[in-house]
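Q: Dumping the structure here so I can ask a few things about it.
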Amino acid sequence: MKVSEILSASDVAHSFGDVDVLEDISLSVEAGTVTALIGPNGSGKTTLLRVLAGILSPTAGRVDYHGPEAEREIGYMPQQPSFRSGFTAAETLAFYTSLVGGDPESLLDRVGLEQAETRNVEALSGGMRRLLGIAQATVGDPPVIILDEPGSGLDPGMRQQTFEVVEELAIDGAAVLLSTHDMTLAAEFADQIILIERGAVVEAAEPTQLFAEYDCESLQAVFETVFETGTAVDVAGETA
Ligand SMILES: Nc1ncnc2c1ncn2[C@@H]1O[C@H](COP(=O)(O)OP(=O)(O)OP(=O)(O)O)[C@@H](O)[C@H]1O
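Mapping the sequence shown onto the numbering used here, position 19 (from 1) lands on 34, and the numbers just tick up by one.
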């Protein structure tokens with residue numbers, strides 16, 4: 016185990032009934048780094064993130080947290096963050112900070128939502144809900160932060176800002192693990208890229224190592240080389 020390893024998966028598998036979605040996944044995430052999980056639609060990214068976050072139990076293998084003792088070890092933002100209606104953005108965060116500490120106002124500032132403080136959650140745009148979801152995932156400063164498609168649904172400026180927030184979280188010492196379909200931002204901000212296909216890890220390396228290995232100049236080109244990019248979504252358990 017590396018000194019800075021904070022979360023690891025060893026031979027993890029997950030099945031929904033008789034549908035095998037993840038198989039034999041081993042990976043390691045280090046403190047102070049950003050890891051981007053990349054793969055085609057339906058390849059198992061959300062399922063893997065939910066297993067790593069402890070929301071789903073692996074059906075085989077294990078997930079281990081090696082970080083410091085913390086009130087909240089892992090923060091998680093689902094792909095579709097949802098909040099209890101009838102509360103403002105600040106009140107929503109205040110509920111969580113009352114449990115594990117932190118200041119709602121500075122959490123909102125961090126994601127650029129300071130002007131939405133008093134707005135009701137049901138009046139937030141899709142992008143704003145995602146930003147609130149990121150803020151919620153960071154309540155209590157968990158050493159591991161898992162974000163399922165944090166940039167999805169955001170305009171290019173907000174997407175860039177979101178990845179800058181992610182970078183700041185890593186600079187502050189957190190291990191951030193996220194899924195994304197944005198190859199440019201992944202290449203720019205991630206220290207480690209994990210490529211996943213049909214529930215298995217194909218590669219785990221620094222972006223520059225992947226460029227060298229596949230003789231490509233962009234992560235998009237690596238993606239197109241590694242994955243057979245077609246028009247049909249891979250559906251686990253379907254043979255057609
Ligand atoms: N509750 C479930 N029951 C059965 N199959 C499921 C369930 N959840 C996910 N799956 C299947 O598991 C596979 C992986 O889904 P998952 O959502 O993890 O993929 P993904 O890589 O996150 O996809 P996307 O990029 O489209 O968000 C898919 O084939 C999906 O249909």
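We put the beta carbon where it would ideally sit given N, CA and C, even for glycine.
Comparing alpha-carbon positions, which option in G101, A109, R125, G57 lies nearest E212?
A: Closest option to E212, Cα to Cα, is G57.
Q: Excluding the 5 residues preceding and the 5 following I70 in the sequence, name in chain order all residues of the same chain whose CB lies nearer than 8 Å to its CB.
A: Result list for I70: Y91, in chain order.
Q: Should S113 be listed as close to ligand 1, given that the test is whether its C-beta is under 8 Å from any heavy atom?
A: Flag unset: Cβ of S113 not near ligand 1.
Q: Taking C-beta to C-beta, are T107 and S194 nearer than 9 Å?
A: No, the pair does not count as a contact, with Cβ atoms beyond the cut-off.
Q: At a cut-off of 8 Å, is H196 close to ligand 1 when judged by its beta-carbon and the heavy atoms of the ligand?
A: Correct: H196 has its Cβ closer than 8 Å to ligand 1.
Q: Please give the ranges of any beta strand (DSSP E) in the region 142–223, keeping only runs that are unbroken, at least 3 residues long and fully inside the region.
A: Those beta strand (DSSP E) runs which fall completely within the region 142–223 and span 3+ residues are 159–163, 190–194, 207–212, 215–220.
Q: So, helix, strand or coil for L52, using DSSP?
A: In the structure shown, L52 sits in a strand (DSSP, three-state: E or B).
Q: Which residues does DSSP list as the beta-bridge partners of D118?
A: Partner(s): none; D118 has no beta bridge.
Q: Take the Cβ of G32 as the centre, count every other Cβ of all protein chains shown within 10 Å, and call the residue buried at 16 or more, exposed below.
A: G32 should be labelled exposed.
Q: Quick check on DSSP: helix, strand or coil for V36?
A: Residue state, collapsed to three classes: strand.
Q: Any heavy atom of ligand 1 closer than 8 Å to the Cβ of Q94?
A: Because some heavy atom of ligand 1 lies under 8 Å away, the Cβ of Q94 counts as near it: yes.
Q: Bridge partners for F31 per DSSP, in chain order?
A: Paired residue(s): V34.
Q: Excluding the 5 residues flanking A75 on each side, which residues of the same chain have their C-beta closer than 6 Å to its C-beta?
A: The residues are A28.
Q: Specify, as a first and last residue, the run of the alpha helix (DSSP H) that R65 falls within.
A: From DSSP, the alpha helix (DSSP H) with R65 extends over 60–67.
Q: With distances taken Cα to Cα, identify the nearest neighbour of A167 among A185, R144, A150.
A: Looking at the sequence shown, residue 167 is not Ala but Ser. S167 has its Cα closest to that of R144, out of A185, R144, A150.
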